[in-house]
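Colleague:
Protein chains: 2
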Amino acid sequence: MFDFTLAAADPHTAARSGAYNTPHGPIATPVFAPVGTQATVKTLTPRDLAEVGATLVLANTYHLYLRPGVHLVQDFGGLHSFMGWPQPLLTDSGGFQVFSLAQMRKVDADGVTFRSHLDGSLHRFTPESAIAAQEALGADIIMCLDECPDPLDRAYNEQALRRTHAWASRCQAAHRRTDQALFGIVQGGIFDDLRVESARILTALGFAGYAIGGLSVGETKPQMYATLDVTVPELPADRPRYLMGVGAPEDVIEGVARGIDIFDCVLPTRVARNGGLFTRGGRLNMRNAQYAADPLPVEPGCDCYACQHFSRAYLRHLLKAEEILGLHLATIHNVRFMLRLMADIRSHIAAGTFAAFRGQFMAGYRLPNQEARHAQHAATLARRQTERVTR
Amino acid sequence: MFDFTLAAADPHTAARSGAYNTPHGPIATPVFAPVGTQATVKTLTPRDLAEVGATLVLANTYHLYLRPGVHLVQDFGGLHSFMGWPQPLLTDSGGFQVFSLAQMRKVDADGVTFRSHLDGSLHRFTPESAIAAQEALGADIIMCLDECPDPLDRAYNEQALRRTHAWASRCQAAHRRTDQALFGIVQGGIFDDLRVESARILTALGFAGYAIGGLSVGETKPQMYATLDVTVPELPADRPRYLMGVGAPEDVIEGVARGIDIFDCVLPTRVARNGGLFTRGGRLNMRNAQYAADPLPVEPGCDCYACQHFSRAYLRHLLKAEEILGLHLATIHNVRFMLRLMADIRSHIAAGTFAAFRGQFMAGYRLPNQEARHAQHAATLARRQTERVTR
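So the sequence lines, in the order shown, correspond to chains A and B. Letter 227 of the first sequence, counting from 1, is numbered 483 in the numbering used here, and no numbers are missing. Letter 312 of the second sequence, counting from 1, is numbered 568 in the numbering used here, and no numbers are missing.
1) What residues of chain A sit near L328 of chain B, judged by a beta carbon separation below 9 angstroms?
2) Name, please, each residue of chain C whose Cβ falls closer than 7 angstroms to the Cβ of T296 of chain B.
3) Please decide whether D559 of chain B counts as near chain A, where near means a Cβ-Cβ distance under 8 angstroms.
4) In terms of residue numbering, what span does the beta strand (DSSP E) encompassing L408 of chain A cover?
5) Name, please, each residue of chain A whose Cβ falls closer than 7 angstroms to the Cβ of F338 of chain B.
6) Can you tell me which of A:L540, A:D559 and A:G531 puts its alpha carbon nearest to the alpha carbon of L583 of chain A?
7) Using a beta-carbon distance below 8 angstroms, is H565 of chain A in contact with chain B?
8) For F610 of chain B, which residues in the same chain have their Cβ closer than 8 angstroms to its Cβ, ignoring the five residues on either side in sequence?
9) How is the beta strand (DSSP E) around R622 of chain B delimited, first residue to last?
10) Please work out which residues of its chain come closer than 7 angstroms, Cβ to Cβ, to S273 of chain A, disregarding the five sequence neighbours upstream and downstream, and give them in chain order.
11) Output the boundary residues of the alpha helix (DSSP H) element that contains S273 of chain A.
12) Taking only three categories from DSSP, how would you classify V442 of chain B?
13) How many Å lie between F613 of chain A and V313 of chain A at the Cα?
14) For L378 of chain A, report the span of its alpha helix (DSSP H) as first-last.
15) What are the start and end residues of the beta strand (DSSP E) that includes G538 of chain B?
16) Select from B:E403, B:Q353, B:H280 and B:F534 the residue whose C-alpha is nearest the C-alpha of L346 of chain B.
17) Could you check what DSSP says for C427 of chain A in three-state terms: helix, strand or coil?
18) Using only alpha-carbon positions, find the residue among B:T382, B:I457, B:N316 and B:A358 that is nearest to I398 of chain B.
19) Between the beta-carbon of S454 of chain A and the beta-carbon of Q443 of chain A, is there less than 8 angstroms?
20) Where are the beta strand (DSSP E) runs, 3 residues long or more, that stay fully inside the stretch 441–481 of chain A, in chain order?
21) Going by beta-carbon coordinates alone, are L320 of chain B and S372 of chain B separated by less than 8 angstroms?
22) How would you call Q626 of chain B, buried or exposed, if buried means at least 16 neighbouring beta carbons within 10 angstroms?
23) Can you give the Cα-Cα distance for M257 of chain A and N277 of chain A, rounded to whole angstroms?
24) Mind reading off the beta-carbon distance from T618 of chain B to I509 of chain B? Whole number of angstroms is fine, and I expect it under 8 angstroms.
25) List, in chain order, every chain A residue whose beta-carbon is nearer than 8 angstroms to that of D331 of chain B.
26) For L375 of chain A, report the span of its beta strand (DSSP E) as first-last.
27) Between A:R543, A:G470 and A:F593, which lies nearest to D559 of chain A when the distance is taken from Cα to Cα?
28) Tell me L362 of chain A's beta-bridge partners as DSSP assigns them.
29) Out of A:P551, A:L491 and A:I446, point me to the one whose CA is closest to F463 of chain A's CA.
30) Give a yes or no on whether 8 angstroms exceeds the smallest Cβ distance from R526 of chain B to chain A.
31) Determine whether the beta carbon atoms of E506 of chain A and Y621 of chain A lie at a separation below 8 angstroms.
32) Along chain A, which residues have their Cβ under 9 angstroms away from the Cβ of P324 of chain B?
33) Kindly say whether L305 of chain A, judged by its beta-carbon, lies nearer than 8 angstroms to any beta-carbon of chain B.
34) Closest to D396 of chain A by CA distance: which of A:I516, A:A430, A:P344 and A:H421 is it?
35) Please classify D435 of chain A as buried or exposed, where buried requires at least 16 other C-beta atoms within 10 Å of its C-beta.
36) So which residues on chain B does L300 of chain A lean against when the C-beta distance must stay under 8 angstroms?
This is the structure we're talking about:
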């Protein structure tokens, strides 16, 4: 159980491909995990998920702890059974959402006390209770409780790191179920020395896998990539590496190039519900008038149900008319886009052609322009505290 | 084309079963048509619709005329092609929605002028333009433009009936496409003599099929059933009879018993989105706390995807968490419920056992109690004018 077989390594980058075995089947890596926050990847049935090629799916302990409650899920045989997903699952510890609650939480050495964003009721997570909650949920991969500071705030990161490491050790001691792999989470913001220290301490503790947390929450992309550059080499090569909460297509390519095996992100599903459709040429805003009479599928050549059956014009009509089917079809496409991208990445690593593929992809993929990105970045920062809760 | 083959007649009631052939395939009757207001049955893909056993699907000319526009749909090869539904379609004339606009429309002998509920822009439907719009959309069954008065207002019904009959004649003259069946619509409110007069005038004009309009919009159920009792016998036996906008399970049973062949209604899909799930025992409010830990499917024995894969507890969780998947699964179940009910009705008519089935069904199906129904009725009346627009 939890064998990690590395089958190929790219000769020009740190990219690698392989298979991570779990009690609910193997995960071909590098993998992108769609996010099923509340025990559902928004708008998709398990059948839809299987059809788009999902293997690993993520769910949020914070949300499920509050509603419907982890013991109810446990009584239903765990999350796989409750939500009807027979393939691998990963739960986070709940820490990320709790630390996003801003004024509604208070951290101490032993844990974190917080108020529910649903009804304001008071709750507490400790390393031990976060593990207990995840053991009740029963995902294949579970995460240590960590503290998630602003990645740019050095003083806060230094302080938080001590707690994160102490909590990692307590999570390890508390964890009982041998059919779950417990991953440690490297923190340290954008500070190279803190990241290296964190990676070394967690590696010394010895986890089934290692996550890199606290990124894609305020730093720039170059800062994120530079952080990966110094952190990944400190992690054991024979364990899976998971970059948490990162999943823009360009970030996945750059993460893989730096040796990341696992990604998760709400971006493809959230963007879909706003009418943003991924293509290899960039993101299309399907609500734009230019698609009103466009007979093409969202992305010619895509094998998803939406692209195989419907025009951009129909999808735009659905989105403009605020029809749920529009959100559903857009989500199917974006998740399939990510999973096709991952399959292509794995093929190119196996063939030794990943570096060329990376270059081609980045040349063809039109990023939002710099100005738009800066504006978006500022807006993201402003919205961050509320948004993170709903990840 | 448009052969209507009656295969069986119930010996004890006016129920009959058969097949209505259309350019997009046969419709086994009696049939329930799910409503795809804006060229989508809310939350369902065409694949879902086929899986639950839909044949005839309804779309609303008023909505599609405003958005995305009937000529855009025509440019995409018509509604079947635009929305990806290869089986039979029916469009209404748009009259029902326009007459629901209350202060936003003005009727004259030639047609009706109205303001869009979307942007307040001014538009006009005449019998000729309503047919032209429906010819552009290209459904298999299309409807005459009619005036839809309050069923309890005799003076208004007398006046409106003259226009409805004149418009039916003009629709007939305007209709060109031989691959579309044009149905006339009998009006007359709850007034027996007006209904008989309307049925006779329309029958004399000679339509491919006959609809009974203006019911289920304010009168009581006994009034509706009594109106069917006097109207249906006036319609030619060899043409399909369509009871517009009616689709509560008990009303379908009672309508079939009175000789109705076609039903449509938003009720099963709208109620689903509010968490109301149909079973043979009555409607369950799946948001209720009593289902929080219920491991049963919505309706044991149901073959729909939702019942085959998920517990009431999971569905309740999704609905409480306002997850789109909850709306989707509830809709799948309710539409499948209606289509299984219709299949059972057809089998029992064929076997000569419909009367017994009707008795069993009505004995087992718990109607909302009288008080709740009166309250609901009053609320419906109050909301009617806005709701009708969004049917």
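Each residue gets a CB set at the ideal place from its N, CA and C atoms; glycine is no exception. Being a predicted model, the structure only gives us computed values, none of them experimental.
Modeller: Based on what the coordinates show:
1) A548, A549, A569 and H573
2) The structure shown contains no chain C; its protein chains are A and B.
3) no
4) If you look at L408 of chain A, you'll find it isn't in any beta strand (DSSP E); DSSP assigns it neither H nor E.
5) Y570, listed in chain order.
6) A:G531
7) yes
8) D266, H268, T269, A271, V512, A513, I601 and H604
9) Annotation for R622 of chain B: no beta strand (DSSP E) segment contains it, and DSSP assigns it neither H nor E.
10) A263, A264, T285, P286, R602, I605 and A606
11) Per DSSP, S273 of chain A lies in no alpha helix (DSSP H) segment; the continuous beta strand (DSSP E) that holds it begins and ends at R272 to T278.
12) strand
13) 26 angstroms
14) Counting along the chain, L378 of chain A falls outside any alpha helix (DSSP H), though it belongs to the beta strand (DSSP E) covering L378 to F381.
15) G538 to N541
16) B:H280
17) helix
18) B:N316
19) yes
20) 465–468
21) No. Outside cutoff.
22) The predicted model places Q626 of chain B with a pLDDT of 48, which falls under 50 and marks its position as unreliable, so this point remains unresolved.
23) Each residue's CA atom was taken as its position, placing M257 of chain A and N277 of chain A some 6 angstroms apart.
24) This sequence places Met at residue 618 of chain B; Thr is not what is there. Indeed they touch by this definition, with Cβ atoms about 7 angstroms apart.
25) A549
26) Note on identity: in this sequence residue 375 of chain A is Asp, with Leu being the wrong assignment. Neither: D375 of chain A is in no beta strand (DSSP E) and is coded neither H nor E.
27) A:F593
28) According to the sequence displayed, residue 362 of chain A carries Lys and not Leu. Beta-bridge pairing links K362 of chain A to A:T369.
29) A:L491
30) no
31) yes
32) Correct list: A548, A549, A569, Y570, R572, H573, K576 and A577.
33) Chain B contact via Cβ: absent.
34) Closest option to D396 of chain A, judged by alpha-carbon separation, among A:I516, A:A430, A:P344 and A:H421: A:P344.
35) Its Cβ having fewer than 16 others within 10 Å, D435 of chain A is exposed.
36) L581
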